[in-house]
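Data first, discussion second: the structure below is written as structure tokens.
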Amino acid sequence: YSTEQNEIVDLPACDSWNPGSLQLVSKFKNPSSSCSVDVSAVWWERAGAKEPCIITACEDVVSLWKPLDTLQWEKVHTWHFTEVPVLQIVPVHDVYNLICVALGNLEIREIRALLCSSGDENEKQVLLKSGNIKAVLGLTKRRLVSSIGTFCSQQVQVLTFAEDGGSKDEQLLMPPDETILTFAEVQGMQDALLGTTTVNNIVIWNLRTGQLLKKVHIDDSYQASICHRAYSEMGLLFVVLSHPCAKESQAFGSPMFQLLVINPKTAQSLGVLLCCLPEGQAGRFLEGDVKDHIAAAVLTSGTIAVWDLLLGHCTAVLPPVSGQNWSLVKWSDTDSHLLAGQKDGNIFIYRY
Amino acid sequence: CSTADLGPISLNWFEELSSEAPP
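Order-wise, the sequence lines are chains A and B. Start counting at 1 in the first sequence, then tack on 276, and there's your number in the working numbering. Start counting at 1 in the second sequence, then tack on 1, and there's your number in the working numbering.
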């Protein structure tokens, strides 16, 4: 960041965040012997009623938990994985009773759909993709985008599920000739898709036609940026990035999230906000999630921190609970709750 | 820095880029 940009970065004073803005709603433990890797909230239909359920993923098992009246959770389905470990849950929006998972060792090798057969409620898994998968994201309108391969041999595919999660349709997007790191949908523009690449470009596609519309080179200060969320407003694109590989700087400490504004017509961009840790907090970005204008990150210190991107500062800090570091953080898609997980399978649900 | 540095802005950027980009 240049000196001019320093002036618009809002570093909060120590007392400007409120730890009380996160209230514990419920918690449960997934008694798996393997390491907990992801958590997500999904709508699931049982006996004709749609319920907000929690999906937990350990390396060798994925479980679906349904809510009971007493703020407790009951495990209702499990899918087992004996050959390739689970890396992440990939929620697909607007389709009920289906969740996707990415499997692999460090890099994604398979994407599978997890579902239940309607007659006997038995758990099933279907292999959707296999290969050298670099990025995957579930989109609105029952779509799943993935990129397979690198550089010139890359294929970018959009798979559309039927309403019942069954038969599907596939479309190719024009590859950008540079390896894709992450995808992000543009909120409110269901035909626009963004991707970040290994050479610090943000690429923009038209999902309806498969066209590659623009490449936007962003600041080289941070490599391997992850795009979490994008919004289009008044002819500009607002993009929320995180920088897991960023080095600490004296001026800002470790940057956690950055809000960029892009003019898609001219491919010019500008940093408008850099979210850093409040005074007294240490650590680097481990993983994070953004919902609307609220961003949450797990730090290497084992703490979770939350930023309001409209206010421009950190609003809550959640230190490790019961002496155990946090390792997962996700916003719920079914309500305004924050899901926080620990490696041993403990899941805590907070109201923000 | 201001949005003036970003050049001319178009509210219909998505449609315009789609009509300009190769099919």
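Glycine included, each C-beta is placed from N, C-alpha and C at the ideal position.
- Residue state for residue 586 of chain A is assigned as coil, using DSSP reduced to three classes.
- When only Cα atoms are considered, residue 517 of chain A and residue 574 of chain A end up about 15 Å apart.
- By the rule that beta-carbons nearer than 7 Å mark a contact, residue 468 of chain A touches chain B.
- Beyond the five residues adjoining it in sequence on each side, residue 338 of chain A comes within less than 8 Å, by CB distance, of 331, 332, 354, 355, 357, 362, 365, 375, 377 and 390 in the same chain, given in chain order.
- For residue 22 of chain B, a Cβ of chain A is located within less than 7 Å of the residue's own Cβ.
- The residues 301, 302, 303, 613 and 615, in chain order, have a CB closer than 7 Å to that of residue 625 of chain A in the same chain once the five nearest residues on each side in sequence are set aside.
- In the DSSP assignment, residue 19 of chain B falls within the alpha helix (DSSP H) that extends over 14-21.
- Taking 7 Å as the threshold, the shortest C-beta distance from residue 491 of chain A to chain B does not fall below it.
- Under the 7 Å criterion on CB atoms, residue 539 of chain A is classed as interfacial with respect to chain B.
- Residue 510 of chain A counts as exposed, since fewer than 16 other beta carbons sit within 10 angstroms of its beta carbon.
- Taking the Cα positions, residue 617 of chain A is about 10 Å away from residue 306 of chain A.
- Taking a C-beta distance under 7 Å as the contact criterion, residue 371 of chain A and residue 441 of chain A qualify as a contact pair.
- Interface with chain B (7 Å Cβ-Cβ cutoff): residue 482 of chain A is included.
- Of A:439, A:559 and A:381, the smallest CA-CA separation from residue 417 of chain A is found for A:439.
- Residue 477 of chain A: member of the beta strand (DSSP E) spanning 477-482, first to last residue.
- Within a 10 Å sphere around the beta-carbon of residue 598 of chain A sit fewer than 16 other beta-carbons, which makes this residue exposed.
- When only Cα atoms are considered, residue 349 of chain A and residue 315 of chain A end up about 14 Å apart.
- Residue 320 of chain A and residue 334 of chain A do not touch by the CB rule: their CB atoms are close to 19 Å apart, not below 8 Å.
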